[in-house]
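Peer 1: First the structure, which I've put down as structure tokens, then a few questions once you've had a look.
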Amino acid sequence: MKLIDKFQLRHIGPRPEEIGPMLDKIGVGSINELMDQAVPKSIRSRKPLNLSAPMSEQQYAEYVSKIARKNKVYRSFIGMGYYETVMPAVIRRNILENPGWYTSYTPYQAEISQGRLEALLNFQTVVSELTALPIANASLLDEATAASEAMIMMHSKRARKFKKGGDKLFVDEDVFPQTKAVLETKAEPLGIEIEYGKFDETELDDQTFGAIVQYPAASGQVNDYRKFAEKAKANETMLAVAADILALAILVPPGEWGADIAFGNTQRFGVPMGYGGPHAAYFATTEKLKRALPGRIIGVSKDRHENPALRMALQTREQHIKRERATSNICTAQALLATMAGMYAVYHGPQGLKNTAQHVHSMAATLEQQLVKIGYKQLNVGYFDTLYIELPDNIKSCDIQSLALSKEMNFFYYDAHHVGIAINETTDIKDVMDILDVFARVANKEVEPQVIEVEQNRFEPELFRTSKYLQEPVFNSYHSETEMMRYIKRLEKRDIALNHSMISLGSCTMKLNPANSMFAITWPEFANMHPFAPADQAEGYKELIDELERDLAEITGFEACSLQPNSGAAGEYTGLMVIREYHKDKGNHDRNVVIIPSSAHGTNPASGVMAGMKVVVVDCDENGNVDVDDLKAKAEEHKDTLAAFMITYPSTHGVFESRIREMNQIIHDNGGLVYMDGANMNAQVGLTSPGIIGADVCHLNLHKTFAIPHGGGGPGVGPICVNEKLMPYLPSNPVLKTGGEKPLKAVAAAPYGSASVLPITHAYLKMLGAEGLLEVTKMSIVNANYLVAALKGYYDVLYTGETGRCAHEMILECRNFRQEYGVDATDIAKRLIDYGFHAPTLSFPVHDTLMVEPTESESVQELDRFSEAMISIKKEMEDIKNGKADKEDNLLKMAPHTAEEVTADEWAHPYKRSEAAYPLEWIRINKFWPHIARVDDGYGDRNLVCTCAPISEYQ
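So in the UniProt record's numbering, spot 767 of the sequence shown is number 767, and the numbers just go up one at a time.
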């Protein structure tokens, strides 16, 4: 392959001729010398990865096209929570395919995130108003895991009468099977007992803390739950409702008939089925439960000029604060998908949503009318979109299925005598005629030659929605493509994403998301596949998934992989649950202690608690490494109950700890297993592996190490890889079997989690190959150490390895700045915005520090710009110290500076306008103007508002 054709040459930022001078600045003679200093030789891999030869971009495009063609995309009437839909082209082109949206990070820095924050606030408003509940979050992972969050939230907030016990959850039997499976997985380690039954026959006893029903039910039946809600309230039993978001456009919403929680999926709002995901789940609740709401919440606050400003609200509930006291381990969400779903509502408006819902319902009514005429019985008394057909005695489901397949249509087959038909947004009269033809031919009947759409409601009149929703201007202003395009662009310009400048977030790996790896996710062969389609229709997906699982297992040094977990935190939880199942299977039911370093990601202890484990914290020494003596003492103290050790490698402090094998052996010697958090796996690939260091299971962040975009805070994908002893316990699915011989029931709704974004990682691996992956890893370490050298003398690095080198990231010491200069790490973060950069990770894992990770895909020129900006800021700090700048009214304390402020007639600051806006000359070439000034965080929490009504006049 010609050098110019190598994908790695395009992916890696520094040019080959620039690497020598970079190494000179670092103070080493070669890349390998640096690797020897940064990575302990005792854990280095002795052989290259056994992967296929790297492909050029063109070769991969041809390769994945052949795989895609093996998928057979039939018209889907399966339903079960997944429906064909229409993604508006203006959303596809301007959001999904736009790096200004898909490369942005979680909006922790509000001042450079106002666009995505407004998009997510729109999403929350849609959810809140359609469910008629006042508080909604900015999305969860999928409907089934949202159900488990509702269960855990209700359990943690159960009424006083349940304090002595109260561990029973009622779940209506007509709930999606994938939801039941995830509920069962999550309930067991928490001691929650699930009781199934019919909602209108059950008696809620004095131990039933919560109840979950589906609306419409899994069978399609639209039930009237009002009396059940009254019964639950009288019993102090909280009620959670899994509601179809599109149906709520015409059905009375759960908030109007007594629900405490509503959750579900927004896939129907213009997001393809994608073989199961990613899709933005939603979650809404009452005012009294708002501070227990899981996930991220976008709230309205104000900036220092009193202008409306958006921010992530109630951030003190994050796992990094609560740790083992957290009731949820949710860290990522589905922000990009929530943005798309929210924009779907903006584009259609309230009337458009109502028209779409009414069309779906009318098509279902039309189909029912004609099926009844030819002798079939429809069992649902009331329904929205799904017919539950009972077949005559002389007809079997297999007869229907055989003919339907010949016409390339899929239905849901409950058993030999019952068929489900779910109508969707794309269904028209031709589809109805094709369905009728199948049922008529099997029954030897004739259908009417011309069928007319039936426009009537097939559910109780009192369940028809009369309340209004989405009256705000944003949902009634952008219904032409031109206006919608401009609105999306207006929001995009308020954000810093990777298409503007480097995002140097430590631990979050904001690397390039290669364009060539993104194309396949919108191809119909991948996008339009139902997750429960027959296996022979998804052979392309199977081939891609099998290859990806093999490659990830090889990279991690393990035997098997599960792609089901749909976030990093979900991967943590799954890894611990697999360990738990292993111990239980071996008869060691008492092994329930997990040892976690004090430096660990906050989701680690939260995941441990959710997996039913007791968290024991092990100290770190003054160099940031795990205190091995303390680890040994605690492992021996708990040797009879030790289940696992959770370790991030390289460490959360950005260092390859040399005693990692010794630590893992201590755990094994005391009967435990080792879980490796894969957040920093991008510093391992090709150099070492979790298998080599002695781990038993690891999760991988495909949205970090393996190039899936962050999308403003999701989609994330968190598969786990395991050694041979843990293979039998990999998770399955109740509809489509996956996993091991003794599997967990499920940890996500879809068999392969967020399957439609897996082609991104598949492309990344195939185009890099073993050689390219190794070079990428090495360059991530080179770039990090180059930044350390460039900032030397200005910023100290808090932790380094035994040879004075960092891994792929470093923590800049800022804790003494408050006393010395009167500023802190937050002030530096905000001032970086004026220089056109997103801040590094702020105050994690050490408070009042900055964690920097440049990644391999940043050029020398960008690294130099970033270091020049940081050095310039340090000089501004020196001006404060020596009295040249005011202690309070200075460039850092007042940052960031908006265009409105800089161009105002009056300028009250003692420093120049040009110093505020253009501190370095090159900033003029590509100036980013923040939409707002510094946000008042406390005001937003004290005055929590989570819908767009207060800012509608500014939209």
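All C-beta atoms, glycine included, are put in the ideal place defined by N, C-alpha and C. All values derive from a computational prediction rather than experimental measurement.
#1: Below 7 angstroms CB to CB, which residues in the same chain sit around Pro-16 once its five sequence neighbours on both sides are set aside?
#2: Buried or exposed: which applies to Tyr-196, given that a residue is buried once 16 or more other Cβ atoms fall within 10 Å of its Cβ?
#3: On the DSSP bridge assignment, give the partners of Asn-410 in chain order.
#4: Using a threshold of 8 angstroms, state whether the C-beta atoms of Gly-575 and Ile-720 are closer than that.
#5: For Gln-450, does the count of other Cβ atoms within 10 angstroms reach 16, so buried, or fall short, so exposed?
#6: Would you kindly report the start and end of the unbroken alpha helix (DSSP H) that includes Ile-26?
#7: Looking at C-alpha atoms only, which residue of Ser-397, Lys-168, Lys-874, Tyr-83 is the closest neighbour of Arg-818?
#8: For Val-171, which of helix, strand or coil comes out of DSSP?
#9: When you compare the stretch 294-308 with the stretch 353-363, are there three or more beta-carbon pairs, one atom per stretch, that lie closer than 8 angstroms?
#10: Give, in chain order, every unbroken run of the beta strand (DSSP E) that is at least 3 residues long and sits entirely within the stretch 658-733.
#11: Tell me where the alpha helix (DSSP H) around Arg-942 begins and ends.
#12: Taking 8 angstroms as the cut-off, does the stretch 662-674 touch the stretch 631-650 (at least 3 CB pairs, one atom from each stretch)?
#13: One question on the structure: do Pro-278 and Ser-859 come within less than 8 angstroms of each other, judged by their Cβ atoms?
#14: Determine the closest residue to Val-717 out of Phe-123, Ala-333, Ala-68, Glu-118, with distance taken between C-alpha atoms.
#15: Looking only at C-alpha atoms, which of Glu-287, Thr-386, Ala-281 sits nearest to Leu-337?
#16: Entirely within the stretch 136-210 and at least 3 residues each: give me those beta strand (DSSP E) ranges in chain order.
#17: Which residue marks the beginning of the alpha helix (DSSP H) containing Lys-614, and which one marks its end?
#18: Give the range of the alpha helix (DSSP H) segment to which Arg-311 is assigned.
#19: From Lys-72 to Tyr-275, what does the alpha carbon distance come to, in whole angstroms?
#20: Assuming Leu-51 contacts Glu-559 (C-beta within less than 8 angstroms), just tell me the rounded distance between them.
#21: Are the stretch 455-473 and the stretch 365-382 touching, with three or more C-beta to C-beta distances below 8 angstroms?
#22: Roughly how many angstroms separate the alpha carbons of Val-593 and Thr-185, rounded to a whole number?
#23: State yes or no: is the C-beta of Phe-439 within less than 8 angstroms of the C-beta of Leu-371?
#24: If we call anything under 8 angstroms between Cβ atoms a contact, is Ala-119 one with Thr-266?
#25: Could you check what DSSP says for Gln-334 in three-state terms: helix, strand or coil?
#26: Using only CA atoms, which one of Lys-778, Thr-803, Arg-815 lies nearest to Tyr-795?
#27: If we ignore side chains and look at the alpha-carbon of each, how far apart do Ser-658 and Pro-40 end up?
#28: On the DSSP letters alone, give me the boundaries of the alpha helix (DSSP H) that Ile-31 sits inside.
#29: Taking the beta carbon of residue 956 as the centre, do at least 16 other beta carbons fall within 10 Å, making it buried, or is it exposed?
#30: Could you compute how far the alpha carbon of Pro-294 sits from the alpha carbon of Ala-885?
#31: Can you tell which of Met-433, Pro-910, His-699, Gln-564 has the C-alpha that lies nearest to the C-alpha of Gly-739?
#32: Output the distance between the C-alpha atoms of Met-810 and Thr-898, rounded to the nearest integer angstrom.
#33: Can you find the residues in the same chain that come closer than 6 angstroms, C-beta to C-beta, to Pro-48, ignoring five residues on each side of it along the sequence?
#34: Distance check for Ser-76 and Lys-430, CA to CA, integer angstroms please.
#35: Do Pro-215 and Ser-517 have their C-beta atoms within less than 8 angstroms of each other?
#36: Can you pull the DSSP bridge partners for Lys-377?
Peer 2: Short version:
#1: none
#2: exposed
#3: Ser-76
#4: yes
#5: exposed
#6: 16-26
#7: Lys-874
#8: strand
#9: no
#10: 673-677, 697-699, 720-722
#11: 937-942
#12: yes
#13: no
#14: Ala-333
#15: Ala-281
#16: 168-172, 193-197
#17: Here Lys-614 belongs to no alpha helix (DSSP H); instead the beta strand (DSSP E) covers 614-618.
#18: From DSSP, Arg-311 is part of no alpha helix (DSSP H) but of the beta strand (DSSP E) over 308-313.
#19: 12 angstroms
#20: The pair is not a contact, with the Cβ atoms about 16 angstroms apart (cut-off 8 angstroms).
#21: yes
#22: 19 angstroms
#23: yes
#24: no
#25: coil
#26: Arg-815
#27: 6 angstroms
#28: 31-38
#29: Nothing can be reported for residue 956, as the shown portion of the chain is limited to 1 through 955.
#30: 43 angstroms
#31: Gln-564
#32: 30 angstroms
#33: Ala-770
#34: 14 angstroms
#35: It is worth fixing the name first, because residue 215 is Tyr in this sequence and not Pro. No, Cβ-Cβ distance for Tyr-215 and Ser-517 is not below 8 angstroms.
#36: Glu-390
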